[in-house]
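Residue numbers (the numbering used here): 4 to 744. Glycine included, each C-beta is placed from N, C-alpha and C at the ideal position.
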């Protein structure tokens, strides 16, 4: 959730970071991943952007051909081709939208200029010429290919491709009245960005309207770009504040009249998280969550009248988890429904039986069907084979740190069948072609660099035996650097962990331990995949220098261990996760080769919060801590994340107090380095100042670094990363010296 300027994951409500240098590292191995390709409609080829040209690879021979050359991308009257970062085809594949001059909106570069290339005539034309430069968002062809709709200035426009006539479908958009896209918190916590959908007949558009006018503003102060300070305001609903009001309308292209869908409930006390036209109909399917996010309802709404009826409902004592198929960090992510039985039902997820399973949910009032069965969680949906009646999905019933491809019957009549090669133990990922004939298969584990092959789905065999993962496996292997282990605490909680021991490890010596933590519901850190064990902020080699590096997944992390494991943290963030980590650390301190006087912990965002809590609540264990961009006071974070996992502070304020690091700051005994960006629009800089005041009050000495105008990723500005890494490394070496004793 961050981009290649160094953003992978924001807090998404304290979403995890695997950050800065990790991005640079991932860039080096990106060619092995499945996410850099886009399948053709017929499923017999795929596309990649290579050197600013679009190249098509035809299977099974994997032969490349240039589909869009640089020469075709030179606008009339200019000399240089357009530099494009995203593309999409019309339904007949004869027109291509190209996204250029992009700008960042919160997390992604989702605003820019769009150009259209007509492949028949070769003409290249810019869309939205009368609108401000680099202001267009989420441009999409109509199903009939005659028009393109997009958002600019929080209004929706449609442009006729034959005449270039631009029509405004909404005109009331403003900073706080948002049509066709979303405010900060919807994007951050629900991954909602693209906020409009074409109707199947190309005559209407359904769209979200967010009214953030009653949301209080949070102010960031820019003190460095001019002599006088500049105030930057953000509509940011803190926990306990009402959400933005949200409704869904359907606008007719012909007369620009909007019909609002009549969804029961106060729009300022509920969320609308999915909206889509039911294929080949004039009806919408809409998912509504209540404010506490422990009740989910599915409505069918008639677009012409707005009449709505509920067809399915689910409640949970904690929260209803939202499964999001696809990559939510792509600008074309739309959180789509998965249609079955000629759109008479959908493939839906639920944890109602204690595990995350797939169900068939009827749109016609018929009984739902359990599709996946057993004591395991599915982790992702990979492909639905409607003809043969199978769903392919990711799961790992026997090892929560790994991921494999399985399939089962859509009617629920079979048990899960392992499809991934049994000999490849680790983390698999797949991208299926639309026809289900081919798939890009990627694999890695802790000692195997990511590798990719194209396979035939029917027999799971590689298209080219010489390029198969199994045939090349030895060339991808490295000397194992980490070992996985399980540890059982005094509370009989069994936790997965990994450990990197020092080079030339001597069990007769005692070594310092550095714990890397996240601990919250947005991220598990213990996965059997390549590169997870590298401390990107450490300038050097921790193992060579003589550190033991460890990470553990406590209760409440999103490991595939069942709903009870994940939801035990409800209303207990800052308590149960911190307790589990500390109790596991106590067991580790019993190991003969661990030096109890050199125990360090660090983390970013949610991991920064955990670092503070561990330092303050268990000062007898953790002697050194480095906390980056941490939430010090849980009452400062946004309402969607905090209320989902913690409830409403009006009802259980004591849980927010007990979970906040600031409550325990007076207990600090060890060495603390706290780091925060003053321009953080996610975890606000006020957390730092609140924490500093509390530490000052009790005369607790610590080191603090504020990075001016840097956001949650602390990535902006010349020299920032080197400075941050140098600060981190020197502080760790000084206060938790490396080496065996």
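- Beta-bridge annotation (DSSP): residue 249 is paired with 213.
- The continuous alpha helix (DSSP H) containing residue 661 extends over residues 652-662.
- For residue 430, there is no enclosing alpha helix (DSSP H); the enclosing beta strand (DSSP E) has its first and last residue at 430-435.
- Contact between residue 483 and residue 432 fails: their C-beta atoms lie close to 21 Å from each other, not under 8 Å.
- For residue 724, the enclosing alpha helix (DSSP H) starts and ends at 723-738.
- Here residue 577 really is in contact with residue 637; their C-beta atoms are around 7 Å apart, less than 8 Å.
- Counting only runs that start and end inside the region 298-383, the beta strand (DSSP E) elements of at least 3 residues fall at 298-305, 311-318, 348-353 and 360-365.
- Among the bridge pairs identified by DSSP, residue 674 is matched with 627.
- Taking the Cα of residue 447 as reference, the smallest distance to any Cα among 407, 721 and 324 is reached at 407.
- With 16 or more other Cβ atoms inside 10 Å of its own Cβ, residue 192 counts as buried.
- Under the criterion of beta carbons closer than 8 Å, residue 299 and residue 323 qualify as touching, at roughly 4 Å.
- The region 245-264 makes contact with the region 210-229, as at least three CB pairs between them are under 8 Å.
- In terms of Cα proximity to residue 316, the closest of 291, 457, 337 and 336 is 291.
- Going by DSSP, residue 547 is part of no beta strand (DSSP E) but of the alpha helix (DSSP H) stretching over 545-548.
- Counted as a single uninterrupted DSSP element, the alpha helix (DSSP H) harbouring residue 620 occupies residues 609-620.
- For residue 48, the CB contacts under 8 Å within the same chain, skipping 5 residues up- and downstream, are 42, 59, 60, 61 and 62 in chain order.
- Counting C-beta pairs with one atom in each stretch, the region 705-718 and the region 508-523 have fewer than three that are closer than 8 Å, which means they do not touch.
- Linking residue 717 to residue 155 through their CA atoms gives a straight-line distance of about 29 Å.
- Residue 184 holds the alpha-carbon nearest to the alpha-carbon of residue 337 among 184, 383 and 203.
- In the structure shown, residue 466 falls within a coil segment according to DSSP collapsed to helix, strand and coil.
- The alpha carbon of residue 259 has as its nearest neighbour, out of 173, 348 and 136, the alpha carbon of 173.
- Here residue 530 is near residue 404, since their CB atoms are less than 8 Å apart.
- With 16 or more other Cβ atoms from the protein chains shown falling within 10 Å of its own Cβ, residue 208 counts as buried.
- Counting C-beta pairs closer than 8 Å gives three or more between the region 670-680 and the region 610-621, which meets the contact rule.
- By the neighbour-count criterion, in which a residue is buried when 16 or more other Cβ atoms sit within 10 angstroms of its Cβ, residue 729 is exposed.
- For residue 109, the three-state secondary structure derived from DSSP is coil.
- Residue range 273-280 is occupied by the beta strand (DSSP E) that includes residue 277.
- It is roughly 21 Å from the alpha-carbon of residue 243 to the alpha-carbon of residue 692.
- Per DSSP, reduced to three states, the secondary structure at residue 590 is helical.
- One alpha carbon belongs to residue 94, the other to residue 146, and they sit about 6 Å apart.
- Between the region 656-668 and the region 264-280 there are fewer than three inter-stretch CB-CB distances shorter than 8 Å, so the stretches are not counted as touching.
- Your pair residue 698 and residue 671 checks out as a contact, with CB atoms roughly 7 Å apart and the cut at 8 Å.
- Collapsing the DSSP output to three states places residue 679 in a strand.
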